[in-house]
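*Asks:* Dropping a structure here in structure tokens format, bear with me for questions.
Numbering (our numbering), first residue to last: 85 to 594.
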């Protein structure tokens, strides 16, 4: 696809959705007293009090949520509401220190600014009218509802949906694809596509495994393939511990930042604009650095991946497990949003994970046994979860076959990027604390009785059209189409059955 033929993103298109655009950015850029975090937060809380009014309390829950999840929550589950999502974004920002990012304009200040800008835009529509107070108040409530739905569609749904697509991170057969990425709120950038990932995916995976000491960073299980290579190479003093098939999992998926529809097509522009909105919210709320958009190679770098077994790969991709940064460099607190199965204790995962770089330059010589662990060193599988900090991956890696150095000397710091880990934790926190995660789960259930599943594409605009703006009786447009197709097939089968019965009766009479 030729990038020169792809149209630019039109800023007016993003103005369709509250929470992004010039109005919000103007408030965040302001140094005025009324635009400080405290002032914005106070004004935002006043605006949210409208849902305490019995006349508008029903608007706290968007109509699409009621349609997707008609029953009342049980077992302490939280349903997605305007106030729940605002509180979730506030709490997550404070918990992860997002307020300090973006020069102090991220986190809670962004949330409050978006609320104030949303109400101001709704109020501007009544500037030259004589509408009654009740009409204005209802408009404010619906505007805030639209803001919450925007966050659900563009901030939460893409990451939830991509996580459940069960895609592996590295594929040997994957090649550089002609996918364009949006520049920061602008047009596609040629440079981001020119070097998709020149390094072979297997080399990248091997680099991550080597850096992590060929152990699962969560439970300390050894990589079975690496142990087999050591054994074939004549190594007799193998590392001790349980073996497992290790995978690599990304904190931030590259697939979220590319599109593949035909250039110049309506769908291509729709995907492009949808990503622009998502990236803008990530930058404003999470403080996402534009370097990750300008240089797509960073998405395919070791700093964006860790080595885990299949169980934890799924948990990270599903956003039910995340790592919360601590004041100690490269030390993270393990946060589990689905502790029902007690899997952290089953795998004996420590309460905190401390990353170490165990990368070793490949040798062309026959490998020898890896050096034994120093006395007193503890591997993760031997730790109690009450541990304050655990040195992960304490067995040095040994290369077993000739290969080129996967990364140059200038890329010494291969440890996981704290910024990407923080964003992953922020998305997981907002999804679960707001009730969006369980609400999204219901989109997968309506047709399970027939073995089908119908849900929107993993993009913000697709969710907006299919769920938020949809006014039918089903949970989303896809379910309605699936149901209609099912009923049509049933009708055709019934008609064929009737015709065959009539034909048999006619022959018997004759």
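C-beta: ideal position from N, C-alpha, C; glycine also.
Take residue 504 and list the residues in its own chain whose beta-carbon comes closer than 6 angstroms to its own, dropping the five residues that flank it on each side.
*Replies:* Within the chain shown, the letter at position 420 stands for residue 504. Contacts found: 335, 336 and 388.
*Asks:* Taking contact to mean at least 3 C-beta pairs separated by less than 8 angstroms, is the stretch 568-583 in contact with the stretch 539-555?
*Replies:* Flag = no, the stretch 568-583 and the stretch 539-555 do not touch.
*Asks:* Does the stretch 387-404 come into contact with the stretch 202-221, if we say contact requires no fewer than three beta-carbon pairs (one atom in each stretch) closer than 8 angstroms?
*Replies:* The stretch 387-404, when compared against the stretch 202-221, does not touch it at the 8 angstroms Cβ threshold.
*Asks:* Are there 16 or more other CB atoms within 10 angstroms of the CB of residue 365, so buried, or fewer, so exposed?
*Replies:* Here residue 365 is taken as the residue at index 281 of the chain shown, counted from 1. Looking at its Cβ environment, which holds 16 or more other Cβ atoms inside 10 Å, residue 365 is buried.
*Asks:* Helix, strand or coil for residue 406? Go by DSSP, reduced to three states.
*Replies:* What you label residue 406 is simply residue 322 of the chain shown in a count that begins at 1. Strand at residue 406.
*Asks:* Considering only residues of the same chain and omitting the five flanking positions on each side of residue 141, which have a CB-CB separation below 8 angstroms?
*Replies:* Sequence index remark: in the chain shown, residue 141 carries index 57 (1-based). Taken in chain order, the residues that qualify are 135.
*Asks:* Which class does residue 420 belong to by DSSP, given the choice of helix, strand or coil?
*Replies:* Taking the first residue of the chain shown as position 1, residue 420 is located at position 336. Strand at residue 420.
*Asks:* Enumerated in chain order, which unbroken segments of the beta strand (DSSP E) with a length of 3 residues or greater are wholly contained in the stretch 312-380?
*Replies:* DSSP runs (the beta strand (DSSP E)) wholly in the stretch 312-380: 330-334.
*Asks:* Specify the secondary structure class of residue 436 as computed by DSSP and reduced to three states.
*Replies:* As a position in the chain shown, residue 436 is number 352, starting the count at 1. DSSP places residue 436 in strand when its eight states are reduced to three.
*Asks:* Spatial neighbours of residue 521 within its chain, please: CB distance less than 6 angstroms, with the 5 preceding and 5 following residues excluded, ordered by chain position.
*Replies:* As a position in the chain shown, residue 521 is number 437, starting the count at 1. Within the same chain, residue 521 has close Cβ partners 515.
*Asks:* Whole angstroms are fine: how far does the CA of residue 181 sit from the CA of residue 448?
*Replies:* On the chain shown, position 364 is the one that residue 448 refers to. On the chain shown, position 97 is the one that residue 181 refers to. At residue 448 the pLDDT is 34, less than 50, meaning the model places this residue with poor confidence; the figure from the coordinates comes in the next sentence. Taking the straight line joining both Cα atoms gives about 45 angstroms.
*Asks:* How far does the alpha helix (DSSP H) with residue 507 in it extend, from its first residue to its last?
*Replies:* Along the chain shown, one-based indexing puts residue 507 at 423. Run containing residue 507: 502-518, per the alpha helix (DSSP H) assignment.
*Asks:* Under 8 angstroms between the Cβ atoms of residue 391 and residue 319?
*Replies:* Position 307 of the chain shown, counting from 1, holds the residue named residue 391. Position 235 of the chain shown, counting from 1, holds the residue named residue 319. Not closer than 8 angstroms, so no.
*Asks:* On the CB-based measure, 16 or more other CB atoms within 10 Å of its CB, does residue 139 come out buried or exposed?
*Replies:* Residue numbering aside, residue 139 sits at position 55 when the chain shown is read from its first letter. Counting Cβ neighbours within 10 Å, residue 139 comes out exposed, since fewer than 16 surround it.
*Asks:* Where do the N-terminal and C-terminal ends of the beta strand (DSSP E) with residue 392 fall, by residue?
*Replies:* Numbered from its first residue, the chain shown carries residue 392 at position 308. Note, residue 392: beta strand (DSSP E), 389-393.
*Asks:* Three-state secondary structure (DSSP) at residue 299?
*Replies:* The count along the chain shown starts at 1 and reaches residue 299 at position 215. The answer is strand: DSSP assigns residue 299 an E or B state.
*Asks:* Tell me which same chain residues have a C-beta within less than 7 angstroms of the C-beta of residue 192, skipping the five on either side of it?
*Replies:* As a first step, residue 192 is located in the chain shown; it is residue number 108 there, counting from the start. Counting only Cβ-Cβ distances below 7 angstroms, and skipping sequence neighbours, we find 121, 125, 174, 177, 178 and 183.
*Asks:* CA-CA distance, residue 405 and residue 399?
*Replies:* Sequence index remark: in the chain shown, residue 405 carries index 321 (1-based). Sequence index remark: in the chain shown, residue 399 carries index 315 (1-based). Going from the Cα of residue 405 to the Cα of residue 399 covers about 5 angstroms.
*Asks:* Let me confirm a value: residue 315 is counted as buried when at least 16 other C-beta atoms fall within 10 Å, else exposed. Which label applies?
*Replies:* By one-based count along the chain shown, residue 315 stands at place 231. Label assigned to residue 315: exposed.
*Asks:* Tell me whether residue 560 sits in a helix, a strand or coil according to DSSP, three-state version.
*Replies:* Within the chain shown, residue 560 is the residue found at index 476, counting from 1. Residue 560: coil per DSSP, three-state reduction.
*Asks:* Comparing alpha-carbon positions, which option in 374, 375 and 510 lies nearest residue 409?
*Replies:* In the chain shown, counting from the first residue as 1, residue 409 sits at position 325. Nearest C-alpha to residue 409: 510.
*Asks:* With a CB to CB cut of under 8 angstroms and the five nearest residues on each side skipped, what residues in its chain are close to residue 205?
*Replies:* Taking the chain shown and counting its residues from 1, one reaches residue 205 at position 121. 102, 107 and 227, listed in sequence order.
*Asks:* Can you give me the C-alpha to C-alpha distance between residue 152 and residue 245, rounded to a whole angstrom?
*Replies:* For the purposes of this step, residue 152 is identified with residue 68 of the chain shown, where counting begins at 1. For the purposes of this step, residue 245 is identified with residue 161 of the chain shown, where counting begins at 1. Going by the C-alpha atoms only, they are around 16 angstroms apart.
*Asks:* Going by the CB atoms, is the gap between residue 294 and residue 412 shorter than 8 angstroms?
*Replies:* One-based indexing of the chain shown puts residue 412 at position 328. One-based indexing of the chain shown puts residue 294 at position 210. No.
*Asks:* Nearest to residue 289 by CA position, among 333, 312 and 305, is which residue?
*Replies:* The count along the chain shown starts at 1 and reaches residue 289 at position 205. For the residues 333, 312 and 305, the minimum Cα distance to residue 289 belongs to 333.
*Asks:* Does DSSP classify residue 572 as helix, strand or coil?
*Replies:* Taking the first residue of the chain shown as position 1, residue 572 is located at position 488. Of the three classes helix, strand and coil, the one that applies to residue 572 here is helix, per DSSP.
*Asks:* Could you have a look at residue 430 and say whether DSSP puts it in helix, strand or coil?
*Replies:* Locating residue 430 in the chain shown gives position 346, counting from the first residue. Correct three-state label for residue 430: helix.
*Asks:* Does residue 580 pass the burial test, meaning 16 or more other C-beta atoms within 10 Å, or should it be called exposed?
*Replies:* Along the chain shown, one-based indexing puts residue 580 at 496. It is exposed - the Cβ of residue 580 has fewer than 16 other Cβ atoms within 10 Å.
*Asks:* Counting only the same chain and skipping the five closest in sequence on each side, list residues whose C-beta sits under 6 angstroms from that of residue 545.
*Replies:* Sequence index remark: in the chain shown, residue 545 carries index 461 (1-based). If we look at residue 545 and ignore the five residues flanking it on each side, its Cβ neighbours are 354 and 358.
*Asks:* Straight-line CA distance for residue 291 to residue 498?
*Replies:* Here residue 291 refers to the residue found at position 207 of the chain shown. Here residue 498 refers to the residue found at position 414 of the chain shown. Rounded to whole angstroms, residue 291 to residue 498 spans 9 angstroms at the Cα level.
*Asks:* In this structure, how does DSSP classify residue 307 when only helix, strand and coil are distinguished?
*Replies:* Here residue 307 is taken as the residue at index 223 of the chain shown, counted from 1. Correct three-state label for residue 307: strand.
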